[in-house]
Structures are given as C-alpha cells and as structure tokens.
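**Student:**
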Amino acid sequence: MISRLFGKVALVTGAGSGLGRAIAIGLADQGAEVILIGRREQALRETQEIIQALGGNAFWYAVDVSIQEAIASMASQVLEHHGIPVVLVNAAGIYGEVNPISQSDPAIWMNTLMTNTAGPYLICRAFAGEMMKTGWGRIVNITSAASLAAPTPSNSAYAVSKVALNHFTRQLAAELQGTGVTANVMHPGEVMTEMFDSIRMASRESGGMANWINWVEQTGGDLPEKTVKLILDLLKPESDPINGRFLWIEDGLKKPLPSWE
C-alpha cells in the first residue's frame, strides 16, 4: 500500500538531533517532504544530509519555536514554497533545571514553558487551520510521563509545561473533531538524547533525579525507533478515530500511567 505521506509535506520541530531527527528520517522514508525546524542551523543541515543520502527530501528553517514572529514568518514561507503540512510533530523541548521552586531561576522556568508549551501552540496555530482544509492530517505533540506522575521536589517547570501541553492538545483535538485532522500527545519513553544528557549534568549539581538517571543508563533507555513506529501507526486508516489521546510506545521501559481515559 502506498504511504499516505507520499508526495505530502510533514513538519518536525526539534529536528536537528535526537528524537526529532529520528522522526524526521522516519517520515521522509514514508515519502514525505520533511520540513526541519530547530534553532541550530548546522544540526538541521546534518539531518537534511542524512535524509538526502537515504533518498529522501527535506528542507530546513532555523527558528526558535518560542518566538511568535519567527514562527509566523517561517509558516508563511512553508505554505508558499512547500504547501500545507499534513503531519506536524512538535518534538522540540527543553528540561530547564533540576531545582526546587524556591531555588529556581525565573528566566529558565518561564523559558521552559515557552519552549515546551507555547512553542507547540504557535506551530499548531500557524498550520492547524490550513490542515483542516485538506480533510486529513496528524498532529503529534511529544509530552512526558512526568505530566501524569506525582510531583517531585525538583522538576516543576518541565512537569508543568507538559501538563499544560496535554490539556492544550485535548483542547485542540476537540476543535479538530470531525475534520479528518487529529491531535494527540505521546510519551516517547526514556530516550537517551541530548535532553537526557542535560538532565544528567543538572542532576550532578542538584543531586535530584539520580535514581531515574541510573535506571535509564543501566537499561540503555528506549530506542527512538519506538516513537517513530507509533507515529507511523497513526498514519494508518484504522487510526483515524484516535484523537485527543495520551499515547505510549510499545513495550516501553515505563509502564503506562492512568491519563484522562
């Protein structure tokens, strides 16, 4: 069966490395022209080169997803030069810091919410209306099991940003209902990406999250390919009814936690 992405446009934020790069490569392999979004031009170029070497097609735009004017300008260029994306994956994210609220840095705290929550909002705001005109599409926002777990003493900004992202996605899904476009969040597992490295470094200074870090290191973490598979499964016709859900990768290290369903 020909992929539903053949000849279509997909857009991935955080595409310069880690999970975002793996997702972009997976979508390109399905025949999509992939728009790579991220802050670091060189990293985006590297992702583009990988995709092209594999016979795929990709273009990059170096923008900060938390800046409204930058997203508006990028969206205008994408729509003019590439067309309407049928897949949006918001994989860009930062952890912020591993500190209790009383010791937190307000600038870092607020930037975490701007990147993890406002960024997906700005991307979805720019494209969701256009996607509805096509009659079919997929929006996937990368969240975290931390948004469903009991609070801990050290990661308030990250957890709050993902809780807010969950509810934003549910709101968006309600607005998209019946249009053929769906919006879901997914926990990608315990993936050892650059974010994991930043958490590990921050934890050395604060002492927080040591048990989780040791567990991921000892197990080797979850493979990014599990996330790619879940996103590709959402492209199948049988996944058309899945909307406004919290999704989990198959056989992830962390067992699924109760969400709103």
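The numbering of the sequence shown is UniProt numbering, which starts it at 1 and goes up by one. Built from N, CA and C at the ideal position, the CB exists for glycine as well.
(1) On the DSSP letters alone, give me the boundaries of the beta strand (DSSP E) that residue 87 sits inside.
(2) For chain B, find out if any of its Cβ atoms is closer than 8 Å to the Cβ of residue 222; answer yes or no.
(3) Can you give, in chain order, each stretch of the alpha helix (DSSP H) that sits fully within the stretch 124-202 and has at least 4 residues?
(4) Hey, would you say residue 164 sits closer than 8 Å to residue 244, going by beta carbons?
(5) In its own chain, which residues sit with a C-beta less than 7 Å from the C-beta of residue 73, not counting the 5 before and 5 after it?
(6) Should residue 58 be labelled buried (16 or more other beta-carbon atoms within 10 Å of its own) or exposed?
(7) Leaving aside the five residues before and after residue 1 along the sequence, list all residues of the same chain whose C-beta is less than 7 Å from its C-beta, in chain order.
(8) Would you list the residues sitting across from residue 61 in a DSSP beta bridge?
(9) Per DSSP, residue 13 is paired with what?
(10) Quick one: Cα of residue 19 to Cα of residue 102, how far?
(11) Near residue 262, what residues of its chain come up, given a Cβ to Cβ distance below 6 Å and the 5 sequence neighbours on each side ignored?
(12) Along the chain, where does the beta strand (DSSP E) that runs through residue 257 open and close?
(13) By how many angstroms is the C-alpha of residue 137 removed from the C-alpha of residue 52?
(14) Cα separation between residue 187 and residue 150?
**Tutor:** Answer, in terms of the structure:
(1) Here the beta strand (DSSP E) through residue 87 covers 85-90.
(2) The question asks about chain B, but that chain is absent: this structure has only one protein chain.
(3) 156-176
(4) no
(5) none
(6) Classification for residue 58: buried.
(7) Any reading at residue 1 needs caution, since the residue's pLDDT is 45, under 50, leaving its predicted position unreliable; the model's value is listed next. Closer than 7 Å at Cβ, skipping near neighbours: no residue.
(8) 37
(9) 37 and 90
(10) Between the alpha carbons of residue 19 and residue 102 lies a gap of roughly 32 Å.
(11) The structure shown does not extend to residue 262, since the chain is modelled only from 1 through 261, so no value can be given for it.
(12) That residue, residue 257, is in no beta strand (DSSP E); it is neither H nor E in DSSP.
(13) About 24 Å.
(14) 16 Å
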